[in-house]
Every structure is written in structure tokens, then in C-alpha cells.
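*Asks:* I'd like to ask you about the structure that follows.
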Ligand SMILES: Nc1ncnc2c1ncn2[C@@H]1O[C@H](COP(=O)(O)OP(=O)(O)O)[C@@H](O)[C@H]1O
Ligand SMILES: [Mg+2]
């Protein structure tokens, strides 16, 4: 019944498959975020400063503390994987802020009023965090290379690394989105963000190995998805790097947690416009 | 603009011929104990332009947010574009366009990128995307600004882009919540001109809210007057004026029927003012 408005051709009978449409919706949301980065890459540069500081100041200083047992690895090698993961985490975790910002502006409603399934919206936003994560990873790779960390440039390792960065960033971006849906204001989110991010980081194997943790902390760390991200990144980033749990298990844990978080976020995101 | 009313451009998806395109039945929304929309019922026919007027806080936006599936209904229901609002919100979304009171265009994207996002969200066929975006931009007089960032747009240009976004997928119904709020007279005129043209040249059904009586009179076939969440009158602008008095204007109708601002809790009035000011600022 809808005669096309404004002289436009009406929707044709050509109905692409559901799966394809879903993919297109995810892609559309993600592409829009990447276009924003392209228009204003300033944020990418400022974000790159943090890993530089950690690696140059913290990493170099701690490398002189001989007490840290990091297996056969030198500390700077050990921590470069941790810092890579951390910078990906920090990019992702503030994704919730962007969601609150969009809600306050009203832009959120254009997404919610569209026929795109909420999960497609959430995944699209989450994957764009992965793209930002990749730019962070590149900075850490270059820097670590300059610090003579033995970077693995094997294509398989690099390809898997891209996969892990995207999944890891997407996971934490989705987590962040869930927090945003719950707290609803920027001020509260900033508070919660601080409270959550630091423990997430310190209760993981990012800057010291699981082996030196007290038993209780080791339990916490093993429940922390970041630990599995770091574990895989450490194995893939370094020449001769090893993984505690196996890269396959790491991926399984991250993928399952991501799927669960997407399910939760999709429900909450739809109500965020109320 | 070359506009066709021929049957081959008719979308089969939302066939509601013979009945109203929007059928609202005892629609109700409560926020806590406060009743923002109270058993509102009305129908809108195909191709009709229906206006909702009422003081701040009367419940206009709440009605629209429910009809666009953004806000769950407390009780009652509606059929929108042939689909049940409560049982089939997904299909409703597919067949409506919505221009909210606040911003819906992303300032950090260009006009074309904004429309591309909409095209992908609505699953517009690949081959048509480019031409539809071009045509829609041209129809809203935005073609020269296709590749400019929206944050550099004027308020009126943003509104026209948002209307373009709302129309890109050729919806059966376009919802507009205060489309001219915060615009200067020239920009208002441009937006109204586009809507009048849409009305004259297509069968798109339009439901809009406004504070400006002259634009309601200019555009609307029928008007519903909301007062403290209740629909107190539904009629054509001429009928409404006749009801109030021989020489009455729509402003008199507003004064007589719509009453004062709703006596909602203060904090909500504050929220309304804050939101509409912010909207005005970001658009203007
Ligand atoms: N999310 C909300 N929570 C609580 N009250 C709300 C909410 N949204 C709207 N209201 C209240 O409902 C009433 C109707 O609001 P609204 O539909 O925005 O009015 P209008 O658009 O006619 O100005 C107002 O009193 C408003 O404060
Ligand atoms: Mg309103």
C-alpha cells in the first residue's frame, strides 16, 4: 500500500535471506563506527599513548625487578602481551559511555526503531571496538619490536591474533554496554568503570603470572575472561610464546562468554530507550 | 520530482486497504502511579496526515514512542501498518519511519553515511541503495551536502536529513515528533514545505505532533487534542474551530481544549524542559 514517498522506487520483492540481512545489519552498524574513526582519528592517537606509557615506564622499570618469576621469559616480553590486552580492554570498556551518549542525544532511537534485531546492533557496536583494538595492538607491536621483544610474525599467529583481539574487544565492549544499560548516566558509568576495570586488570595474568598469585587470587583470575585473552595473546604474540590453557580453550571460553553477554545486552539495549 | 502513484510501486507488505493504517485502542502508559497516556483511541486512514496537539507533558511523545515500539504499552494496544503493535513489533518497525523529538542523525557521519546506515539496517537491496540515497537527498534539498559531516549542518538541514532517514525504506507511516521545534522560521518553512510535498505526492500516512497551530492547520487532515494523557477531541481543524466559536483560530482551540501544562510531578516538568532545550540547541 505504501506508494513510494518522494518519488523513490518502492521496495522490490527481492528479499535477501534472513542470515544475509542479519550480517548486513551488523556490518552497517560496525561500518558507521569505523567511518567515524576515519573522520576523526584523533582518538586513536590519544589512545595510543597509554600503552606507550605502560610499556616504557612500567614495563622497563619492572623488568629490573628480578623477583618476578615469569618462567623462561624476560619480564618485558611477558608484560608486552599483558599491555596489549590491557589497551584493548581499555578501549572496549568505555564503549558503554558512547551508548549513554547516543541515548542522551536521541541517536539510539534510530537504531531501536529499525527492524534490526537488537543482537545485531550490539554485535555491530562490539565489533567496531575490535577494530579500535586492532589499531591499539599495532601500536604495541611496533613498540615492543623497538624494545627488542621477540615478536612472532608468522601469518598464522598474526591471523589468530586479529581474531583474539576482535573477540576480546567485542566481549568487553558488550560487557561495558550492559553496565551502561544498567546505570544509564555518564557520571555513574565513569564511577563504575573505574571500579570494574582495575580489578579486572590486576586480577588477571596480565602483569604477573598466575603461578605467583595467592590461591584465592588465582581462582578469581581463572574466572576472569581477561586471563584467557592474555593467555592466548601471550602465546601468539611472542616467538616461542606458550599458553597455559591452550589457545583453543582460550577461544572457546571467550566465545561462550561473548555469546552470553550479547544475549544479555540485546535484552537490555532494547529497553535503554524507555 | 517525478512521483508515481501507479499500482506497481505499491508495496504488498503492509496491505491495510479498507481499514485504518493506524488503529489505536485504549492505549495507556503509566510511569509509576502517574498516568501519562490514558485510554487513548483513534484511527488514521491511509494517506492521511494526523496531528497530535497538546500542552507540554500532555503525552504526545509518549503516544508516539509507544506506536513506534520504543516504549512498551501498559495496557490497550494498536494496529500499526496492519500489524499488532504488541505481538508483532518487528513487522511494525519494518513499515514505519520515525523522526524523534531529539536527534536521530549522527553528527559524526556525513549525510550519505547516515543514510547508508539506515539502508543497511532496513535491508534495502544492494542495487538500489545508491540511487535511493541520491534521490532521497535530492528530495530533501540536501544533494549538495551529501558528503558533509552532519555536525556542520544547520538545524533545518539536520531535520530534513532525519526525514530522509525516516523515508529511505519507503515506510507506510512516517511519525514525526515536533519536527520543527527549535528551528528558525526559514528552516521551519523548508521542513514544512518538504512535508507538504510528501503529502501531496505520495500516499505516505503521517502522524506528527506540534506546538505550532499554523503548521497543524496547514498540514493536517485531522487533529487529536491531548490533555493530561486523555484524548479530548478528534476532528478536522475546521471542525475544531467551529466547535470553539465562530471566529475561533486553532490557537483558541488549543486554549479551550488543551488546557495548561500537565500537572505532572515537578521533576518531570524539569526533565521535559531540559530535553526540549537540549533538542533545540542541538538542532539550532
Ligand atoms: N520515562 C519517563 N519516566 C517518567 N515520566 C515520564 C517519562 N516519559 C515521559 N514522562 C512523563 O509523561 C508525561 C507525558 O510526557 P510526553 O509524552 O513527553 O509529553 P509531550 O510530548 O506531550 O510534551 C510528562 O509528564 C512526562 O514528564
Ligand atoms: Mg514531546
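Chains as they are written, first to last, in our numbering: chain D, 88 to 361; chain C, 60 to 343. Even glycine gets a Cβ: it sits at the ideal position worked out from N, Cα and C.
Go ahead and label residue 292 of chain D buried or exposed: buried means 16 or more other beta carbons lie within 10 angstroms of its beta carbon, across all protein chains shown.
*Replies:* The count along the first chain starts at 1 and reaches residue 292 of chain D at position 205. Buried, by the Cβ-count rule.
*Asks:* Quick one, which of C:210, C:216, C:191 has its alpha-carbon nearest residue 203 of chain C's?
*Replies:* The count along the second chain starts at 1 and reaches residue 203 of chain C at position 144. The shortest Cα separation from residue 203 of chain C among C:210, C:216, C:191 belongs to C:216.
*Asks:* Consider the Cβ of residue 209 of chain D: report whether some Cβ of chain C lies at a distance smaller than 8 Å.
*Replies:* As a working mapping, residue 209 of chain D is identified with position 122 in the first chain. No, residue 209 of chain D does not count as interfacial toward chain C.
*Asks:* Note down, in chain order, each residue of its chain lying with its Cβ closer than 6 Å to the Cβ of residue 145 of chain C, except the 5 sequence neighbours on either side.
*Replies:* As a first step, residue 145 of chain C is located in the second chain; it is residue number 86 there, counting from the start. These residues qualify, in order along the chain: 136.
*Asks:* Should residue 289 of chain C be listed as close to ligand 1, given that the test is whether its C-beta is under 7 Å from any heavy atom?
*Replies:* As a first step, residue 289 of chain C must be located in the second chain, where it is residue number 230. Every heavy atom of ligand 1 is 7 Å or more from the Cβ of residue 289 of chain C, so no.
*Asks:* Given 8 Å as the limit, is there contact between the segment 320 to 331 of chain D and the segment 342 to 354 of chain D, that is, 3 or more CB pairs closer than that?
*Replies:* The segment 320 to 331 of chain D vs the segment 342 to 354 of chain D: no contact.
*Asks:* Give me the Cα-Cα distance between residue 87 of chain C and residue 221 of chain D, rounded to the nearest whole angstrom.
*Replies:* One-based indexing of the second chain puts residue 87 of chain C at position 28. One-based indexing of the first chain puts residue 221 of chain D at position 134. Straight-line Cα distance between these residues: approximately 48 Å.
*Asks:* Using a Cβ-Cβ cut-off of 8 Å, state whether residue 92 of chain C counts as contacting chain D.
*Replies:* Within the second chain, residue 92 of chain C is the residue found at index 33, counting from 1. With 8 Å as the cut-off, residue 92 of chain C does not count as an interface residue toward chain D.
*Asks:* Could you say which of C:251, C:264, C:168, C:89 lies nearest to residue 208 of chain C if we only look at CA atoms?
*Replies:* By 1-based counting over the second chain, the position of residue 208 of chain C is 149. Residue 208 of chain C has its Cα closest to that of C:168, out of C:251, C:264, C:168, C:89.
*Asks:* Report yes if the C-beta distance between residue 278 of chain C and residue 255 of chain C is below 8 Å; otherwise report no.
*Replies:* Along the second chain, read from residue 1 onward, the residue named residue 278 of chain C stands at position 219. Along the second chain, read from residue 1 onward, the residue named residue 255 of chain C stands at position 196. Contact flag set, yes.
*Asks:* Could you tell me which chain D residues have their CB closer than 8 Å to the CB of residue 162 of chain C, listed as they occur along the chain?
*Replies:* Along the second chain, read from residue 1 onward, the residue named residue 162 of chain C stands at position 103. Residues of chain D passing the Cβ test: 192, 193, 194.
*Asks:* Any beta-carbon of chain D closer than 8 Å to the one on residue 172 of chain C?
*Replies:* Taking the first residue of the second chain as 1, we reach residue 172 of chain C at position 113. Yes, residue 172 of chain C counts as interfacial toward chain D.
*Asks:* Any beta carbon of chain D sitting closer than 8 Å to that of residue 88 of chain C?
*Replies:* One-based indexing of the second chain puts residue 88 of chain C at position 29. No, residue 88 of chain C lies away from the interface with chain D (no Cβ there is under 8 Å from its Cβ).
*Asks:* Whose Cβ in chain D lies nearer than 7 Å to the Cβ of residue 181 of chain C?
*Replies:* What you label residue 181 of chain C is simply residue 122 of the second chain in a count that begins at 1. Under the 7 Å cutoff, chain D gives 201, 202.
*Asks:* Excluding the five sequence neighbours on either side, which residues of its own chain have a C-beta within less than 6 Å of the C-beta of residue 205 of chain C, listed in chain order?
*Replies:* One-based indexing of the second chain puts residue 205 of chain C at position 146. Only 170, 171, 196 meet the Cβ criterion.
*Asks:* Could you tell me which residues DSSP puts in a beta bridge with residue 275 of chain D?
*Replies:* Here the question's residue 275 of chain D lines up with position 188 in the first chain. In DSSP, residue 275 of chain D forms no bridge with anything.
*Asks:* Which residues of chain D have a Cβ atom closer than 9 Å to the Cβ of residue 203 of chain C, listed in chain order?
*Replies:* For this step, residue 203 of chain C is matched to residue 144 along the second chain. Those within 9 Å of residue 203 of chain C in chain D number zero; the least Cβ separation is about 17 Å.
*Asks:* Determine, using beta carbons only, whether residue 238 of chain C comes closer than 8 Å to chain D.
*Replies:* Along the second chain, read from residue 1 onward, the residue named residue 238 of chain C stands at position 179. It does not: the Cβ of residue 238 of chain C has no partner Cβ on chain D nearer than 8 Å.
*Asks:* With H, G and I counted as helix, E and B as strand and the rest as coil, what does DSSP make of residue 360 of chain D?
*Replies:* By one-based count along the first chain, residue 360 of chain D stands at place 273. Three-state DSSP puts residue 360 of chain D in coil, outside helix and strand.
*Asks:* Using 10 angstroms around the beta-carbon of residue 321 of chain C, count the other beta-carbons present and answer buried if the total reaches 16, otherwise exposed.
*Replies:* The residue labelled residue 321 of chain C in the question sits at position 262 within the second chain. Low per-residue confidence applies at residue 321 of chain C: pLDDT is 47, beneath 50, and the placement is therefore not dependable enough to give any value.
*Asks:* So with Cβ pairs under 8 Å, would you call residue 142 of chain C a contact of chain D?
*Replies:* Counting from 1 along the second chain, the entry for residue 142 of chain C is found at position 83. Closer than 8 Å: no.
*Asks:* Residue 331 of chain D by DSSP, collapsed to three states: which one?
*Replies:* By 1-based counting over the first chain, the position of residue 331 of chain D is 244. Correct three-state label for residue 331 of chain D: coil.
*Asks:* Can the beta-carbon of residue 91 of chain C be found closer than 8 Å to that of residue 285 of chain C?
*Replies:* Indexing the second chain from 1 puts residue 91 of chain C at position 32. Indexing the second chain from 1 puts residue 285 of chain C at position 226. Their beta carbons are not under 8 Å apart, which means residue 91 of chain C does not touch residue 285 of chain C by this criterion.
*Asks:* Once DSSP output is grouped into helix, strand and coil, what is the label at residue 321 of chain C?
*Replies:* Here residue 321 of chain C corresponds to residue number 262 of the second chain, with the count starting at 1. Confidence is the limiting factor: at residue 321 of chain C the pLDDT is only 47, short of 50, which leaves the residue's position unreliable, though a coordinate-based value still follows. Three-state DSSP puts residue 321 of chain C in coil, outside helix and strand.
*Asks:* Is residue 82 of chain C helix, strand or coil by DSSP?
*Replies:* Within the second chain, numbered from 1, the residue matching residue 82 of chain C stands at position 23. Looking at residue 82 of chain C - three-state DSSP - the assignment turns out to be strand.
*Asks:* Cα separation between residue 276 of chain D and residue 182 of chain D?
*Replies:* The residue given as residue 276 of chain D occupies position 189 in the first chain. The residue given as residue 182 of chain D occupies position 95 in the first chain. Approximately 10 Å between the Cα atoms of the pair.
*Asks:* Is the beta carbon of residue 296 of chain C sitting closer than 8 Å to the one on residue 276 of chain C?
*Replies:* What you label residue 296 of chain C is simply residue 237 of the second chain in a count that begins at 1. What you label residue 276 of chain C is simply residue 217 of the second chain in a count that begins at 1. Yes.
*Asks:* Do you know how far the Cα of residue 173 of chain C is from the Cα of residue 294 of chain C?
*Replies:* Taking the second chain and counting its residues from 1, one reaches residue 294 of chain C at position 235. Taking the second chain and counting its residues from 1, one reaches residue 173 of chain C at position 114. Cα to Cα, the separation comes out at about 37 Å.
*Asks:* With a cut-off of 8 Å, do at least 3 Cβ pairs link the segment 329 to 340 of chain D to the segment 168 to 188 of chain D?
*Replies:* Counting Cβ pairs under 8 Å, fewer than three are found: no touch.
*Asks:* Is there a Cβ from chain C that is less than 8 Å from the Cβ of residue 115 of chain D?
*Replies:* Along the first chain, one-based indexing puts residue 115 of chain D at 28. It does: the Cβ of residue 115 of chain D has a partner Cβ on chain C nearer than 8 Å.
*Asks:* Below 8 Å between beta carbons is the criterion; list the residues of the segment 115 to 144 of chain D that meet it against any residue of chain C, in chain order.
*Replies:* Going along the segment 115 to 144 of chain D in chain order, one finds 115, 116, 118, 119, 122, 123, 126, 127 with a Cβ nearer than 8 Å to chain C.
*Asks:* Since residue 205 of chain D meets chain C, which of its residues come closer than 9 Å, beta carbon to beta carbon?
*Replies:* As a first step, residue 205 of chain D must be located in the first chain, where it is residue number 118. Neighbours of residue 205 of chain D on chain C: none; closest Cβ ~10 Å, over 9 Å.
*Asks:* Which residue from D:316, D:280, D:281, D:283 puts its Cα closest to that of residue 294 of chain D?
*Replies:* Walking along the first chain from the start, residue 294 of chain D turns up at place 207. Closest option to residue 294 of chain D, Cα to Cα, is D:316.
*Asks:* Would you say the beta carbon of residue 115 of chain C comes nearer than 7 Å to a heavy atom of ligand 1?
*Replies:* For the purposes of this step, residue 115 of chain C is taken as the residue at position 56 of the second chain. Checking every heavy atom of ligand 1 against the Cβ of residue 115 of chain C, one is found closer than 7 Å.
*Asks:* Give the single residue among D:219, D:298, D:193, D:147 whose Cα lies nearest to the Cα of residue 133 of chain D.
*Replies:* Within the first chain, residue 133 of chain D is the residue found at index 46, counting from 1. Per the Cα distances, D:219.
*Asks:* Do the segment 202 to 210 of chain D and the segment 280 to 291 of chain D meet, that is, are 3 or more Cβ pairs less than 8 Å apart?
*Replies:* In short, these stretches do not touch, since the Cβ pair count stays below three.
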